[in-house]
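Data first, discussion second: the structure below is written as structure tokens.
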Amino acid sequence: MKLPRSQLYLDNRQLEAHPFNQKQSGLYQGVLKSLKEGPMINPLLVVADSNGKYAVVYGNNRFLAGCELGYEEFPVKILPDNKTETILEGIKDYKIIKL
174 MKLPRSQLYL DNRQLEAHPF NQKQSGLYQG VLKSLKEGPM INPLLVVADS
224 NGKYAVVYGN NRFLAGCELG YEEFPVKILP DNKTETILEG IKDYKIIKL
């Protein structure tokens, strides 16, 4: 499933407001490079809020990099909640990619 960028935001609001330090990290730079070279392999994990939008609870770097690259929509997997057990279940089918 895909959702438009306008319906997504980071659950970590501080990171969304001030992503500068995150964008300087090696991990972020690796994700950015990977997305420049090909499509997003694993979906963002999101949880619906009461306003009809979706909080990104897993995939912060992919979301920020996709926004930087001008993505209009993102592949997502909608979770029922943001509990650790639910997120771990949500990533069990993720493909591991070396950056």
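In this note's numbering, each number is its position in the sequence shown, counted from 1, plus 173. Built from N, CA and C at the ideal position, the CB exists for glycine as well. Nothing here was measured: the structure is a model prediction, and the numbers come from that model.
- The stretch 227-243 and the stretch 182-200 touch, with no fewer than 3 CB-CB distances between them shorter than 8 angstroms.
- E246 is positioned such that its CB atom lies closer than 8 angstroms to that of K175.
- Buried is the label assigned to P216, since at least 16 other Cβ atoms lie within 10 Å of its Cβ.
- According to the DSSP assignment, I260 belongs to the alpha helix (DSSP H) that extends over T257 to G263.
- Looking at V219, A238, I264 and E189, the one whose alpha-carbon comes closest to that of D254 is V219.
- For the pair D266 and A228, the CB atoms are not nearer than the 8 angstroms cut-off.
- Under DSSP, Y182 shares a beta bridge with A228.
- Taking 8 angstroms as the cut-off, the Cβ atoms of G263 and L252 count as close.
- In this structure, E258 keeps its C-beta atom at 8 angstroms or more from the C-beta atom of L205.
- A check of alpha carbon separations from K250 across I269, H191 and I214 identifies I214 as the nearest.
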